[in-house]
Structure formats: C-alpha cells, structure tokens
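As structure tokens, the structure follows; a few thoughts come after it.
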DNA sequence: ATGGCTACGATCCGTAGA
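In this note's numbering, the protein residues as written are 3 to 263.
Below you can see the structure in the form of structure tokens.
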C-alpha cells in the first residue's frame, strides 16, 4: 500500500502533472495540499477517471486540502476539532483500519510575525487533535506540508537558515511535540541519502542547485510504523515544465495482516 | 545586495507562499 503527500500549489494548474504522476507512481492514497480551488470547481470527474475518489475541503485562492483514494473514504472530517480556523488546512478520512489525516500547516511568514504566532497556535491545536485521534485509531497516518524542516540535515544551508521561519527552535519544538505523541517520521525510519529535500524555491534556480528544505512529511503511528517498508521523495515531477515547488513524498506499507511472523 | 519565481485576483500591482 502506497500513501503519498504532495503540495501541488494550485490543483487547476497542476492537474495534468497530478494525473500523470498518479498513473506513473500508482499510489493508493494521496494527501494533496494547496488546492487553491473551491469545492464546486474541484475536478472530481477527472480524478475519478484516473481511478481515485476524493474527499475535499477547498477554498478560493488559498489553502485547500484533499485526500484521494482508490478505495472508499469513510468518516470524513475537516479542520481541527475545537480550533476555529478560516483556512481549509485539515481533512481526515478512514480507509478500513487506517485513519489518514491530510494537513497543510501554516507557513508562518517570518519569526515574530502575527502569522508566526498563528502557526505556533495552530501546531498546539494540531497536537491535541492528533492525541485524540491516536487514542481512537491505532493505525494513523498524518501526511502533508508541515512547513517545518525538523533538523539541520533537512536544510540545504543550515547556516543561512539559522533561526529563520521553518527551522526556528519553537517550530522544531512543535514538531517534536508531535513525535512525542508516538508518531514517527517515516522518512527517518530508513537509511537515506544526504541532501534529500521536498521543496525548492522557484527563485535563484533553487532546484538546479538542490537548495531545498525537507518540509513535507508522512508521520505514522507506532502500529503503522511496523508495516512501513520505505519512504522516498519523488523528484521527477519537480523537473517538469511549470512544476509545483514541492515534490511528492511517498511511503510504502506491507499489506501484512498477521500479528506475528 | 533581503532581491531573485509562481499563482491568484484584482489590474498593469499587491498578497502570499517558503
């Protein structure tokens, strides 16, 4: 079973990239962020033709999240329970034994800004929400654009980025608070090559220089981590004409139903 | 050198992303 996350930076612009990638990568479930698309304009039929059902929470111009799946999406919920938010950043659904939560965490703009304070409030609310979800769903995956590079090795130039938004101590602390719930960064369950990132600035030839950050993540509960066999960034769509600035991250899971071997 | 792209919705520039 393959579970992916991809910030497409406008679903309307990126739909051909998305459908081509679905055909090539064959994920079973995809968490999509930055739809920038109202629900009424969501290309449901095109994605159904590609073999995927959709659960969506969209809005005009900004934000917007969706979960695409080859199988039925049940118990769909949107937003963070108990947290008032104008932004459409969270959607969750159940697929059999698996609970999937798709997140588009706030950018934060700059350390000390109002948006940064909102980002930290948002992460605190997310943590409480995930704690409750974990207590109900042992098989939980939280996938999306977290807008946090957890460690210096997730940053192309840690010196230049030191203290900046996406890497600041408060943001990394908020990230570690999610791990403290028992969630694992699926990427770090495995040996990885150095300098692997999931986002590259459009400017200054960021992708050519591999000047990136690893900010898109697939977190898994302890139960799900046992079944996780790989996690990789797929850079291929970032090489296309008019790409998203993010690349998809894809995690693999054994279909193992047994308790012990 | 605090810029540099890209998407969007409103114009021929501002907001936002990261």
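The beta-carbon is built from N, C-alpha and C at its ideal position, and this holds for glycine as well.
All figures in this text were calculated on a predicted structure; none of them were measured in a lab.
How many Å lie between residue i and residue j at the Cα?
i, j, result
"residue 47", "residue 71", "14 Å"
"residue 191", "residue 57", "29 Å"
"residue 127", "residue 176", "10 Å"
"residue 245", "residue 24", "15 Å"
"residue 139", "residue 219", "19 Å"
"residue 10", "residue 79", "21 Å"
"residue 20", "residue 87", "28 Å"
"residue 207", "residue 247", "11 Å"
"residue 203", "residue 26", "25 Å"
"residue 148", "residue 185", "14 Å"
"residue 171", "residue 51", "44 Å"
"residue 215", "residue 125", "19 Å"
"residue 224", "residue 141", "8 Å"
"residue 168", "residue 120", "14 Å"
"residue 178", "residue 187", "10 Å"
Could you tell me if residue i is buried or exposed, where buried requires 16 or more neighbouring beta carbons within 10 angstroms of its beta carbon?
i, result
"residue 37", "buried"
"residue 7", "buried"
"residue 54", "buried"
"residue 205", "exposed"
"residue 76", "exposed"
"residue 18", "exposed"
"residue 28", "exposed"
"residue 98", "exposed"
"residue 43", "exposed"
Can you tell which of the options has its C-alpha closest to the C-alpha of residue i?
i, options, result
"residue 200", "217, 98, 83, 189", "217"
"residue 118", "253, 8, 165, 20", "165"
"residue 66", "222, 124, 146", "146"
"residue 250", "188, 34, 14", "34"
Quick check on the DSSP output: the alpha helix (DSSP H) that includes residue i runs from which residue to which?
i, result
"residue 19", "13-27"
"residue 175", "171-181"
"residue 216", "First-last for residue 216: undefined, no H or E at that position."
"residue 85", "Taken as a continuous stretch (DSSP letters only), residue 85 belongs to no alpha helix (DSSP H), as it is neither H nor E."
"residue 121", "116-138"
"residue 46", "46-51"
Cutting at 7 Å between CB atoms, please list the residues of its own chain near residue i, excluding the five before and the five after it.
i, result
"residue 174", "150, 152"
"residue 256", "229, 231"
"residue 209", "202, 240"
"residue 242", "19"
Only counting the same chain, and skipping five residues up and downstream in sequence, which positions put a Cβ closer than 8 Å to that of residue i?
i, result
"residue 262", "Because the pLDDT at residue 262 is just 47, under 50, the model does not fix this residue reliably, and the value given afterwards should be weighed accordingly. Cβ neighbours of residue 262 beyond the five flanking positions: none."
"residue 30", "3, 4, 5, 71, 72, 73"
Go through its chain and collect everything with a Cβ distance to residue i's Cβ below 6 Å, but skip five positions before and after it.
i, result
"residue 160", "154"
"residue 232", "254"
"residue 194", "none"
"residue 107", "148, 149"
Going by DSSP, what residue range makes up the beta strand (DSSP E) through residue i?
i, result
"residue 161", "Segment 160-163 is the alpha helix (DSSP H) holding residue 161; no beta strand (DSSP E) there."
"residue 143", "142-147"
"residue 5", "4-9"
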